[in-house]
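**Student:** First, the structure itself, so that you have it in front of you.
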Amino acid sequence: MEGAIQDLLGSGRLTKAQGSRNRIGHLRYPPRAGEPKVDLLCWTPSAPRPHHDEPKSEGGLPEHLLVRHGVRGHLRKIDGDASPEAADAFRRDYDLTRLVGSNVLPAGTTYVHRHERGK
Numbered sequence: 272m273e274g275a276i277q278d279l280l281g282s283g284r285l286t287k288a289q290g291s292r293n294r295i296g297h298l299r300y301p302p303r304a305g306e307p308k309v310d311l312l313c314w315t316p317s318a319p320r321p322h323h324d325e326p327k328s329e330g331g332l333p334e335h336l337l338v339r340h341g342v343r344g345h346l347r348k349i350d351g352d353a354s355p356e357a358a359d360a361f362r363r364d365y366d367l368t369r370l371v372g373s374n375v376l377p378a379g380t381t382y383v384h385r386h387e388r389g390k
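For the sequence shown, this note's numbering assigns the number 272 to the initial residue and increments by one for each residue that follows.
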């Protein structure tokens with residue numbers, strides 16, 4: 272395991288950061304004053320960049336966008352206010368995933384549910 276971690280750190284796919292651990296054992300980042308410090312391994316996801324010469328589908332989209340894949344719930348900017356259904360879905364997913372911050376949709380955004388995309 273240690274060798275794999277060192278390889279990932281060396282390649283830049285993992286980085287190190289310092290956080291802290293609260294009194295019930297939860298990790299915190301950034302570290303909070305007065306809590307014991309801990310070393311953290313951080314992974315930042317990245318998607319492969321499409322090639323400019325990638326073949327286009329009949330609809331003009333690159334082929335990699337047509338492959339069936341899951342899309343996570345996310346915020347989208349809109350003019351006006353989100354629907355009550357979008358606000359409820361955001362609150363449910365907020366609670367489910369233990370997000371940090373307010374569970375109220377920011378003004379000028381809506382929430383796009385998790386869904387499947389592609390063929």
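For each residue, glycine too, the CB sits at the ideal point set by N, CA and C.
(1) Taking only three categories from DSSP, how would you classify Thr-315?
(2) Which residue or residues does DSSP assign as beta-bridge partners of Leu-337?
(3) What separation, rounded to the nearest whole angstrom, lies between the Cα atoms of Pro-316 and Thr-286?
(4) What is the DSSP secondary structure of Tyr-300, counted as helix, strand or coil?
(5) Between the Cα of Leu-222 and those of Ile-349, Asp-350, Val-338 and Glu-273, spot the shortest distance and give me the residue it belongs to.
(6) Name the DSSP beta bridge partners of Glu-387, please?
(7) Buried or exposed, going by whether 16 or more other CB atoms sit within 10 Å of the CB of Leu-376?
(8) What is the DSSP secondary structure of Val-282, reduced to helix, strand or coil?
(9) What does the alpha-carbon distance come out to for the pair Asp-278 and Trp-314?
**Tutor:** On the basis of the coordinates in this document:
(1) The count along the sequence shown starts at 1 and reaches residue 315 at position 44. DSSP places Thr-315 in coil when its eight states are reduced to three.
(2) Position 66 of the sequence shown holds residue 337. Leu-337 has no beta-bridge partner at all, per DSSP.
(3) Residue mapping note: residue 316 aligns to position 45 of the sequence shown, counting from 1. Residue mapping note: residue 286 aligns to position 15 of the sequence shown, counting from 1. Distance between the alpha carbons of Pro-316 and Thr-286: 12 angstroms.
(4) Locating residue 300 in the sequence shown gives position 29, counting from the first residue. Reduced to three states, the DSSP call for Tyr-300 is coil.
(5) Look at the range of the chain in this structure, 272 to 390, and you will see that residue 222 is not part of it.
(6) By one-based count along the sequence shown, residue 387 stands at place 116. Partner(s): Gly-341.
(7) What you label residue 376 is simply residue 105 of the sequence shown in a count that begins at 1. Buried.
(8) Within the sequence shown, residue 282 is the residue found at index 11, counting from 1. Per the sequence shown, the amino acid found at residue 282 is Ser instead of Val. Of the three classes helix, strand and coil, the one that applies to Ser-282 here is helix, per DSSP.
(9) The residue labelled residue 278 in the question sits at position 7 within the sequence shown. The residue labelled residue 314 in the question sits at position 43 within the sequence shown. Cα-Cα distance, rounded: 13 angstroms.
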